[in-house]
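Peer 1: Residue numbers (full-length UniProt numbering): 1 to 157. Built from N, CA and C at the ideal position, the CB exists for glycine as well. These numbers were taken from a predicted model, which means no experiment stands behind them.
#1: Among residues of its own chain, excluding the 5 on either side of residue 114, which ones have a beta-carbon nearer than 6 Å to its beta-carbon?
#2: Report the rounded CA-to-CA distance for residue 54 versus residue 30, giving the unit in angstroms.
#3: On the DSSP bridge list, what partners appear for residue 51?
#4: Measuring straight from C-alpha to C-alpha, what distance separates residue 72 and residue 11?
#5: In whole angstroms, what is the alpha-carbon distance linking residue 18 and residue 42?
#6: Could you give the first and the last residue of the continuous beta strand (DSSP E) run that contains residue 8?
#7: When you compare each of 83, 112, 90 to residue 100 by their alpha carbons, which one comes out closest?
#8: Excluding the 5 residues flanking residue 44 on each side, which residues of the same chain have their C-beta closer than 7 Å to its C-beta?
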């Protein structure tokens, strides 16, 4: 889709420190430049450092992070929730576009993240009568283990 990019996460065992992540992202930067694939901006100040890859025209192609497993789980959750109703992904894209036009979906500028806006969409669709989306507490899902912490347990019914 025009104006979209790919978010990629490299999962590298025994690479837990921010400085190690930056070293790996510099390798990504070197590879992109040596293969003349475009340019790379390293965003070091972010909570999770990112390599922003752009093509020669300056279009965003890909954001690469290291061991950002929480983002993978967030993406999986959005995918699951979006699969319940075909209108949900379209609404999400509309909200993202609407928020971008008003410059209110950029965490680095002190506004809400797109993920937060999408969670608000899900919540509002859960509260409708009848609900468009099921509540998370009502969904049957396996235990969610993230970083060795059990975040969601299956309910005994």
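Peer 2: On the basis of the supplied data:
#1: Walking along the chain shown from the start, residue 114 turns up at place 114. So the list reads 96, 105, once near-sequence residues are dropped.
#2: On the chain shown, residue 54 is found 54 positions in, with the first residue counted as 1. On the chain shown, residue 30 is found 30 positions in, with the first residue counted as 1. Taking the straight line joining both Cα atoms gives about 14 Å.
#3: Translated into positions along the chain shown, residue 51 becomes position 51. Looking at the DSSP assignment, residue 51 forms a beta bridge with 42, 64.
#4: Counted from its first residue, the chain shown places residue 72 at position 72. Counted from its first residue, the chain shown places residue 11 at position 11. Whole-angstrom Cα-Cα distance: 10 Å.
#5: The residue you call residue 18 lines up with position 18 of the chain shown. The residue you call residue 42 lines up with position 42 of the chain shown. Computed Cα separation, rounded: 13 Å.
#6: In the chain shown, counting from the first residue as 1, residue 8 sits at position 8. Run containing residue 8: 6 to 10, per the beta strand (DSSP E) assignment.
#7: Working through the chain shown from its first residue, we reach residue 100 at position 100. By alpha-carbon distance to residue 100, the top candidate from 83, 112, 90 is 112.
#8: Taking the chain shown and counting its residues from 1, one reaches residue 44 at position 44. The beta carbon of residue 44 sits closer than 7 Å to the beta carbons of 22 from its chain, once the five residues preceding and following it are set aside; these are given in chain order.
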